[in-house]
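For reference, each letter of the sequence shown is one residue, going 54 to 349 in my numbering.
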Amino acid sequence: MFALIKGFGKGRGAQSAPGFAVSARDGHVLAGDVTPPRFAATILTAAYLSAAGIYGMVVGGHTNSVLQAITARSGFAIEDVRMAGNKETSDIDVLDKLQLDGWTSLIGFNAEAARQRIASMPWVDSVSVRKIYPDAIEVSIVEKKPLAIWQHGSELSLVDLAGKIIVPFRQERYATLPLFIGAGANDRAPAFMAEIAKTPELSSRVKAFIRIADRRWDLRLENGVTIRLPEFGEEAAISEIVAIDAEQGILSRDLVAVDMRLDDRIVVKLTPEAVMRRNAALTEQAKKTGQRDKRT
């Protein structure tokens, strides 16, 4: 039992007796036998160990790992990954960027960090990563569209609509894409393709776009004829050669090249076979002319 004893211990030399709790507050003393609660030592030990564990977890930077483990075992472990839009990017590569270990918790999963990792993949143009509670992730990818094949030195690369390299060219299904050759050709490919597309009767016949010294273009046609465009005024030159071809079919003749670089003339270069036929024709004509001269 406890007894409230007023005035006890008012003196300067007052001391607590063994087995008593003494309080001199307001001149009252609470005295009696002190009995600790049941399991107090166990509770205090558990509280101490918990506090020490939390402190160590925070100081050691393991908070997220512990949160992952607790929430994963509470029914929030990621069990379903839904992907959309990835044709060139494999599911396995995307899963690797998500960095799931089988016990990853949806609550502790960092969707933005995963989105940034996936966005760094070569074919990915944009991507969103969403958490769908309680146990799913949705990954939606928009991939880059290849515009052309770019040959730079001995390397072949696929370039996107901005002329930037996507990946090395290895997929045969893209072999029909336009071929751009030379330094700087990839950067200027989108704008030049848009310009040449204005004359479909010519653009449909172009096999390769060749950048010369990063100053001007040559057009290699599917029949082997090369159109040499000027450094300036290439649009007018294209319109002119299209008009001449419509009238005379010049691009279907036995030519190696049609040179449009001079302002006042068009220079054509014949194929070796055409040169031989022309020389033979000139020789035959000279013979006939000489025979007529002898008769006269």
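A virtual CB, placed ideally from N, CA and C, is assigned to each residue, including glycine.
Per DSSP, residue i is paired with what?
i: Ile234; result: Gln204 and Ile263
i: Thr279; result: Arg273 and Ala310
i: Glu191; result: Arg135 and Arg183
i: Pro199; result: Asp213
i: Pro221; result: Ser210
i: Ser158; result: Ala130
i: Leu323; result: Leu308
i: Val147; result: In the DSSP output, where bridge partners are listed per residue, Val147 has none listed.
i: Val177; result: Glu196
Where does residue i land, buried or exposed, given buried means 16+ other C-beta within 10 angstroms?
i: Arg78; result: At Arg78 the pLDDT is 48, less than 50, meaning the model places this residue with poor confidence; the figure from the coordinates comes in the next sentence. Flag for Arg78 reads exposed.
i: Ile294; result: buried
i: Phe162; result: buried
i: Gly277; result: exposed
i: Arg168; result: buried
i: Pro325; result: exposed
i: Phe222; result: buried
i: Ala74; result: With a pLDDT of only 46 at Ala74, under the threshold of 50, the placement of this residue in the model should not be trusted, and no figure is reported.
i: Thr157; result: buried
i: Lys150; result: buried
i: Val180; result: buried
i: Leu148; result: exposed
i: Ala238; result: buried
Can you list, in chain order, the residues of its chain whose CB lies under 7 Å from that of residue i, leaving out five sequence neighbours each side?
i: Lys197; result: Trp176, Asp178, Asp213 and Ile219
i: Asp133; result: Asp188 and Ala189
i: Glu248; result: Glu288
i: Val320; result: Asp312
i: Arg314; result: Arg281 and Pro283
i: Ala236; result: His205, Arg264 and Asp267
i: Asp307; result: Leu323, Thr324, Glu326 and Ala327
i: Ile123; result: Bear in mind that the predicted position of Ile123 carries a pLDDT of just 48, short of 50, making it unreliable; the figure below should be weighed with that in mind. Correct list: empty, nothing qualifies.
To which residues of the same chain is residue i closer than 8 Å at the C-beta, ignoring the five residues directly before and after it?
i: Trp270; result: Phe245, Phe262, Ile263, Arg264, Leu282 and Glu287
i: Pro243; result: Leu200, Leu214, Ala215 and Gly216
i: Ser305; result: Asn276 and Asp298
i: Ala250; result: Ser256
Can you check which of these residues, the options, is closest to residue i by C-alpha distance?
i: Ile131; options: Asp316, Gln204, Leu304 and Glu191; result: Glu191
i: Ser143; options: Ser158, Ile171, Asp154 and Gly216; result: Ile171
i: Tyr186; options: Asp316, Arg223, Leu159 and Gln169; result: Leu159
i: Gln224; options: Leu211, Gln152 and Ala236; result: Leu211
i: Pro231; options: Val259, Ser292, Ala289 and Met313; result: Val259
i: Ala201; options: Arg306, Lys322, Gly155 and Asp240; result: Asp240
i: Glu254; options: Ala238, Ala215, Asp298 and Arg273; result: Asp298
i: Arg273; options: Lys251, Ala238 and Val309; result: Val309
i: Thr279; options: Ser256, Phe222 and Arg226; result: Ser256
i: Asp317; options: Arg330, Leu153 and Ala290; result: Ala290
i: Met174; options: Phe285, Arg306, Met313 and Ile145; result: Ile145
i: Asn139; options: Ala228, Thr336, Glu337 and Ile194; result: Ile194
i: Thr252; options: Thr336, Tyr227 and Ala296; result: Ala296
i: Arg226; options: Arg330, Glu141 and Gly302; result: Glu141
Enumerate in chain order the residues of its own chain whose CB-to-CB distance from residue i is below 6 Å, with the five nearest sequence positions on each side excluded.
i: Gln204; result: Ile234
i: Val182; result: Ala164, Ala167, Arg168 and Val192
i: Arg135; result: Glu191
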